[in-house]
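Take the sequence shown: its letter number 63 is residue 697 in the numbering used here, and every next letter is one higher.
The beta-carbon is built from N, C-alpha and C at its ideal position, and this holds for glycine as well.
Working notes, beginning with the structure itself.
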Amino acid sequence: MNRLFDFLRRFLYGRYGNDALGFATLIGYLILSILSSALNNLILMIPALLLLIVYFYRFMSKRTAARYQENQVFLRIWGGVKRFFTHPIAFFKDHLHYAYFTCPTCKQKLRVPRKKGKVRVRCPKCGTEFIKKT
């Protein structure tokens with residue numbers, strides 16, 4: 635058994651492995667394959683298998699820098715999608731009482747009370763102070 639683990643360790647050394655984009659392609663494969671079997675539609679299985687091939691290609695790749703860049707692009711896009719669905723909930727919940735600003739230095743989201751005129755805002759993360767009108 636140890637020989638098998640040693641072989642796998644040596645074989646996988648230097649490979650990129652799993653990341654967020656790989657996980658997303660694997661989830662996409664699972665969703666499409668479940669839909670394909672539930673609808674009894676083999677046409678949906680083709681994109682599912684393509685996603686599985688992409689997943690294994692990225693997992694076994696030794697070009698780690700290229701895979702890292704692909705993952706960073708995916709995370710940037712996914713972060714925007716995630717923010718779109720999470721931030722508006724909070725925004726619509728209390729937008730009458732609070733104004734939202736972004737720190738010019740560290741891009742931290744800040745919430746200040748509305749209808750106070752010009753206020754001096756201090757970022758709790760980096761300490762930058764700036765004046766904004768609410």
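Residues that DSSP places opposite residue 682 in a beta bridge: Residue 682 pairs with nothing; no bridge assigned.
Please list the segments of the alpha helix (DSSP H) lying wholly inside the segment 675 to 754, counting only runs of 4 or more residues, in order along the chain. Qualifying alpha helix (DSSP H) stretches, in chain order: 679 to 694, 698 to 728.
C-alpha gap between residue 747 and residue 761, whole angstroms: Approximately 19 Å between the Cα atoms of the pair.
Just verifying my parser: in three-state terms, what is the DSSP assignment at residue 637? DSSP, reduced to helix, strand and coil, places residue 637 within a helical segment of the structure shown.
Tell me residue 756's beta-bridge partners as DSSP assigns them. For residue 756, which the question treats as bridged, DSSP gives the partners 763.
Which same chain residues, not among the five before or five after residue 654, have their C-beta less than 8 Å away from its C-beta? Excluding sequence positions up to five before and after residue 654, its CB lies within less than 8 Å of the CB of 705, 708, 709, 712, all in the same chain and listed in chain order.
Own chain, CB closer than 7 Å to residue 743, minus 5 neighbours either side, in chain order: Once the five neighbours on either side are set aside, the close Cβ partners of residue 743 are 734, 736.
If you count every other CB in all the chains shown that lies within 10 Å of the CB of residue 648, and 16 or more means buried, which is it? With a 10 Å radius around the Cβ and a threshold of 16 neighbouring Cβ atoms, residue 648 comes out exposed.
Give the secondary structure of residue 663 by DSSP, where H, G and I count as helix, E and B as strand, and everything else as coil. Correct three-state label for residue 663: helix.
With a threshold of 7 Å on Cβ separation, who are the neighbours of residue 656 within its own chain once the five nearest residues in sequence on each side are excluded? Same-chain partners within the cutoff: 689, 692, 693.
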